[in-house]
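Participant: Next up is a structure, given as structure tokens.
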Amino acid sequence: MIEFYSHVAQISLPDVGPGFFVDEAECVVEGVRGTRPTQVRSVPDRIVAVFGSDGGGALFAVDRQTGEIVRLEGGSLIGDVYEVEESGVQVIARDFEGFMQFLFGELLRQIPSGG
1 MIEFYSHVAQ ISLPDVGPGF FVDEAECVVE GVRGTRPTQV RSVPDRIVAV FGSDGGGALF
61 AVDRQTGEIV RLEGGSLIGD VYEVEESGVQ VIARDFEGFM QFLFGELLRQ IPSGG
């Protein structure tokens, strides 16, 4: 993510799929300090840094132990703990680069194929 933020401030794709948003680095840092979920209580529990969202209310976070990118949906926020059923935690990518590839794929799906 450090490499990403050294080149890009944020991403806003409101018209792609449900909408995809990657926040500015300052928002991510503030979130790690407790303004956003920093722990996920699920199976398995995770320590996370939230860095974005989609237009449907789900959050995107990096697992700070594994590097996996997860989509969090349908949970409840209690303090800085996001409590959610296992079905509400979806692994989107193995790492941030994989998440960028996921976004690129979503963008390509929005381009009409001509013939």
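For what it's worth, full-length UniProt numbering labels the leading residue of the sequence shown as 1, then goes sequentially. Cβ atoms here follow ideal geometry from the backbone N, Cα and C, with glycine treated the same way. Treat the numbers as computed from the prediction; the structure is a model and nothing was measured.
Whose C-alpha, out of Gly19, Ser76 and Thr66, is nearest the C-alpha of Phe96?
Facilitator: If we check each option's Cα against that of Phe96, Thr66 comes out closest.
Participant: Below 8 angstroms between beta carbons: does that hold for Gly52 and Val22?
Facilitator: Yes, the pair counts as a contact, with Cβ atoms nearer than the cut-off.
Participant: For Val89, does the count of other Cβ atoms within 10 angstroms reach 16, so buried, or fall short, so exposed?
Facilitator: Buried, since its Cβ has 16 or more Cβ neighbours within 10 Å.
Participant: Over what stretch of residues does the beta strand (DSSP E) that includes Val70 continue unbroken?
Facilitator: Looking at the DSSP string, the run of the beta strand (DSSP E) that includes Val70 is Ile69 to Leu72.
Participant: Count Cβ pairs between the region 2–14 and the region 29–47 that sit closer than 8 angstroms; are there 3 or more?
Facilitator: No, because fewer than three Cβ pairs between the region 2–14 and the region 29–47 fall closer than 8 angstroms, the two stretches do not touch.
Participant: Taking C-beta to C-beta, are Ala58 and Val28 nearer than 8 angstroms?
Facilitator: Not in contact: Ala58 and Val28 (Cβ atoms no closer than 8 angstroms).
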